[in-house]
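Working notes, beginning with the structure itself.
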Amino acid sequence: MRTSVLTIRAHHGLSCPDKTRRMRMLASKHRLEPIPVGSLQAVGPGINRPETTLGTRSAQIYSSTDDAAVAIVNAAGAVSRVGKSVCSNGIAMDLQGRILIANFSLDTDRPGPLQRLDLASGEVEDLVTEIDGRRLVASNFVVVARDGTIYCTHSSWGPSVASCVKPHIADGFVYRVSPDGAVSVVATGLAGANGCCLDAEQRYLYVAQTGRGRIVRFLRNADGSLGQAEPYGPQLGDIPLVESADDLFALPPEQKSRLGHPDNIAFDADGNLWIALPVANKIVAITPAGELVTVIDDPECTKVIAPTSIAWGGPDLMDVYIGSLGTPHVLMARSPVPGMPLCHQA
Numbered sequence: 213m214r215t216s217v218l219t220i221r222a223h224h225g226l227s228c229p230d231k232t233r234r235m236r237m238l239a240s241k242h243r244l245e246p247i248p249v250g251s252l253q254a255v256g257p258g259i260n261r262p263e264t265t266l267g268t269r270s271a272q273i274y275s276s277t278d279d280a281a282v283a284i285v286n287a288a289g290a291v292s293r294v295g296k297s298v299c300s301n302g303i304a305m306d307l308q309g310r311i312l313i314a315n316f317s318l319d320t321d322r323p324g325p326l327q328r329l330d331l332a333s334g335e336v337e338d339l340v341t342e343i344d345g346r347r348l349v350a351s352n353f354v355v356v357a358r359d360g361t362i363y364c365t366h367s368s369w370g371p372s373v374a375s376c377v378k379p380h381i382a383d384g385f386v387y388r389v390s391p392d393g394a395v396s397v398v399a400t401g402l403a404g405a406n407g408c409c410l411d412a413e414q415r416y417l418y419v420a421q422t423g424r425g426r427i428v429r430f431l432r433n434a435d436g437s438l439g440q441a442e443p444y445g446p447q448l449g450d451i452p453l454v455e456s457a458d459d460l461f462a463l464p465p466e467q468k469s470r471l472g473h474p475d476n477i478a479f480d481a482d483g484n485l486w487i488a489l490p491v492a493n494k495i496v497a498i499t500p501a502g503e504l505v506t507v508i509d510d511p512e513c514t515k516v517i518a519p520t521s522i523a524w525g526g527p528d529l530m531d532v533y534i535g536s537l538g539t540p541h542v543l544m545a546r547s548p549v550p551g552m553p554l555c556h557q558a
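Position 50, counted from 1, in the sequence shown is what this note's numbering calls 262; the numbers after and before it change by one each time, with no gaps.
Shown next, in the form of structure tokens:
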């Protein structure tokens, strides 16, 4: 295993100051404070690999799972499963209340399409299976805009997950499904394209680059296409040059804590961008001022094990849900700041 480190020390400011989010931060009554690990509670026992979670105002939680298209945790904590996907990874709810599923199948011989689940019938349909005649293999995360436009990241063409954590492999991209169903690639050249989200104004699409430890954003054009990538916030940590993703988790704890491989990302109501760092076993956030702060840190893995996603729910959107690779349940705590309402939570 090679453990030489690509150390990138970036500035700690935004590439372009966001006046709207800065003003919201100044006017906010909330304070972004760390969430005590001891306050995290397990909900939804028995979910197999709950990598991505989706909250609702009714306190019902949706989660990706290996054994169904989606797992549903009701307000009482009971778990049910609906549908069958290929390899459920990232999920989102569309404007009609259906679940969009990004399937990630690297290291297997299965495809990685974008699918859509009808919760009432359990029927799963393929939305996008190929780009320019090439079968998708690593659809990662999906987000829906208010106008119905869908954006989905595709991490890499592979052949393995290792391709997603190497900074010099930049074959990740973002594809778009327009409201009329047309499919097009809208961003390319991304190293391990992973989580994505829109800001409150839906002016920018934000994308996590796992292979480079950075968040980038793209200005949305009126037709749903994207402008050029620009960096957002600081470098998230060190990026070791390793042969496989497993090598990262095998590093000594003190080295892992300094790593900056982002997974899923999400905005809270004050414009803080929360970022899951599964190898470092942390949740961090980039504030509107460009400062990187730690929200959850569990170096001993007492409750948090490889966190991969953040979502909010409950009537006040103050319940925060953490998905992960290593726990057979979703973690929940009260958030210091409410989540930014998504389309289905408005």
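Just so you know, even glycine gets a beta-carbon here, dropped at the ideal spot from N, CA and C.
L339 counts as buried, since at least 16 other C-beta atoms from the protein chains shown sit within 10 angstroms of its C-beta. Rounded to whole angstroms, L431 and Y363 show a C-alpha spacing of 13 Å. Apart from the 5 residues on each side of it in sequence, A492 sits with its Cβ closer than 8 Å to the Cβ of G449, K468, S469, R470, L471, G472 and H473 in its chain, given in chain order.
If you draw a straight line from the Cα of D510 to the Cα of P371, it comes to about 32 Å.
Across the set F316, E263 and G360, the C-alpha of G360 shows the shortest separation from the C-alpha of R310.
Looking at I517, D480, D482 and A478, the one whose alpha-carbon comes closest to that of P490 is I517.
Boundaries around A314 are those of the beta strand (DSSP E), I311 to N315, since no alpha helix (DSSP H) includes it. Per DSSP, the continuous beta strand (DSSP E) segment holding P519 begins and ends at P519 to G525. DSSP, reduced to helix, strand and coil, places D480 within a strand of the structure shown. Per DSSP, the unbroken alpha helix (DSSP H) holding K468 starts and ends at P465 to K468. Contact between L329 and A281 holds: CB atoms are separated by about 5 Å, below the 8 Å threshold. Comparing alpha carbon positions, the residue from V395, S333 and A332 closest to L348 is V395. In the DSSP assignment, L460 falls outside any beta strand (DSSP E) and within the unbroken alpha helix (DSSP H) covering A457 to F461. Just measuring C-alpha positions, the residue of A523, P391 and A271 sitting nearest C408 is A523.
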